[in-house]
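Comments concern the structure below.
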Amino acid sequence: MPSFFPGCEFKKTAREFQENFNELDTIPFDRAVNNLKTGAGISLMAELALENEGKPAEIEIIKGMGTTSFIGASDTTMSAISTVLLILTLHPDVQAKGQAEIDGVVGRDRLPTFEDRKSLPYVQSIYREIMRLHPAVPVVDLPYFGKNRFPGYWATREALKQYIKNQRKYQTRLSKAVVSGRKFKNSRRFSGPQPAYVSDGEGNQRFEDPSGDEDLVGLGGNSNAVAGPSGHQYDDKQDQGEFWAMNRDPNVYSEPDKFIPERFFNSASGPFTSINEIYAYGFGRRVCVGRYMADNTAWLTIVYVLATLNLRKAKDGEGKEIDIPGEFTQTFFRHPKPYQSSITPRDSRARELMFASPN
């Protein structure tokens, strides 16, 4: 049926999506291959493409690998990197300790590498604490609204109203939908978008239930993780844990809302532990498949920043520091709201290392 036929408008949308995706799949790939050939840049995908030149099927797989890596990691990685810059700016004392450790282990004549990681426990603790306090996606969703509620987490009245409105809209659509002659019997299992977050000005955001007596762990989604706050295992397999609650459990972390990297030196496993214990990357069957790449990217960002840069609050015309609220966006992926800061090389040698690095 043509797209202008009543009820077939979706075909036009699908065609536009396909065109956009083809551009996303092809343009960066072609640019990477060309940069490798001309010496303007390096790329694993481009190297694989040249090794498989003349093999169309393999080339399509390689293009898909690059596109998937970009789509799946760009927003979360940007969230992690921008959060690192904010937190280090807000905590110059922690920044100084990390720089001292790097200087003592690595020196000032080269940049740190992954081989140095085990020798930099304080830098690892900074990384762990940032991922604990500020995961890119702080909430694990509930499969549906109205049943699973737990005390301690809250969301705005406006967000809840909008959520319920969307919830009813999607339930109505699904209850009327027919696929292969069958109706969706369990339409209540499907839910609408996430509500907005609320910030307390310290970078902490929660969900609030206006009724005051029942609170939400999360809204929407259909995951099946069963670990919850304080490590409680819920009997109903549809109940969800929440990254925010798990990472700020007072039974596990003393002063859980404070940024204290040293806390990991006192933990049983120390700062170095299995990546599966970093809940920011998820858990259970829906753990992030790209967690190892994300882990390396986040750690490398922190250690490079500490080795080469000084992050400070910006100053106004009178020389007074400009306050940083430390607030985050009200989006599914958390990003720091715009703020003013001063970023300068630690010294001339750090500047040389920055410009000499291919990264």
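By full-length UniProt numbering, the letter at position 228 of the sequence shown is numbered 228, and the numbering carries on one by one without gaps. Quick reminder that beta carbons are idealized off the backbone N, C-alpha and C, glycines included.
- Going by DSSP, Asn310 is part of the beta strand (DSSP E) stretching over 309-313.
- The C-alpha of Ala280 lies about 20 Å from the C-alpha of Arg117.
- Where Ser125 is concerned, there is no enclosing beta strand (DSSP E), although the alpha helix (DSSP H) around it starts and stops at 121-133.
- Ranked by Cα distance from Lys313, the first of Ile61, Asp257, Ser3, Ile87 is Ile87.
- The beta-bridge partner set that DSSP reports for Ile343 consists of Leu311.
- Distance from the CA atom of Asn310 to the CA atom of Ile59, rounded to whole angstroms, is 43 Å.
- Contact between His134 and Arg334 holds, with the beta-carbon distance rounding to 7 Å and staying under 8 Å.
- For Val105 against Leu120, the beta-carbon gap comes to about 6 Å, under 8 Å, which counts as contact.
- By a beta-carbon distance limit of 8 Å, Ile324 contacts Thr89. Their separation comes to about 7 Å.
- Residue pairing by DSSP places Phe328 opposite Pro336 in a beta bridge.
- Taking C-alpha positions only, Val94 is separated from Phe114 by approximately 21 Å.
- By the Cβ neighbour-count rule, Thr308 is buried, with 16 or more other Cβ atoms within 10 Å of its own.
- By the neighbour-count criterion, in which 16 or more other beta carbons inside 10 Å mark a residue as buried, Met1 falls on the exposed side.
- Residue environment analysis places Ala40 among the exposed positions, since fewer than 16 neighbouring C-beta atoms fall within 10 angstroms of its C-beta.
- Out of Ile27, Lys55, Gly282, Tyr304, the CA that lies nearest to the CA of Thr76 is found in Gly282.
- Residues of the same chain with a CB within less than 7 Å of the CB of Arg351, apart from the 5 flanking positions on each side, are Pro345 in chain order.
- DSSP, reduced to helix, strand and coil, places Glu321 within a strand of the structure shown.
- Asn35 carries a helical assignment under DSSP once its states are collapsed to helix, strand and coil.
- The C-beta of Met45 has 16 or more other C-beta atoms within 10 Å across all chains shown, which makes the residue buried.
- When the beta-carbon positions are compared, Ile42 and Leu50 stay at least 8 Å from each other.
- Distance between Gly270 and Val287, taken at the CA atoms: about 22 Å.
- Note that the C-beta distance between Met131 and Ile278 is below 8 Å.
- Rounded to the nearest angstrom, the gap between the Cα atoms of Ile81 and Val303 is 12 Å.
- With contacts defined by Cβ atoms closer than 8 Å, Lys63 and Asp25 form a contacting pair.
- CA-to-CA, the gap between Ile275 and Asp295 works out to about 8 Å.
- Excluding sequence positions up to five before and after Glu101, its CB lies within less than 7 Å of the CB of Leu120, Tyr122, Val123, all in the same chain and listed in chain order.
- A residue is called buried when at least 16 other Cβ atoms come within 10 angstroms of its Cβ; Tyr292 does not meet this threshold and is exposed.
- When C-alpha distances from Thr301 are compared across Thr83, Cys8, Lys337, the shortest belongs to Thr83.
- If you draw a straight line from the Cα of Pro250 to the Cα of Leu353, it is about 42 Å long.
- The three-state secondary structure of Glu101, taken from DSSP, is helix.
- CA-CA distance, Thr68 to Arg110, rounds to 33 Å.
- Taking the C-beta atoms as reference points, Arg248 is found nearer than 8 Å to Asp257.
- DSSP, read as helix, strand or coil, puts Leu85 in helix.
- Nearest to Ser348 by alpha-carbon distance, out of Gln330, Trp244, Ser125, Arg108, is Arg108.
- Straight through space, the alpha carbons of Lys11 and Phe17 are spaced by roughly 10 Å.
- Around the beta carbon of Gln99, a 10 Å sphere encloses 16 or more other beta carbons of the protein chains shown; the residue is thus reported as buried.
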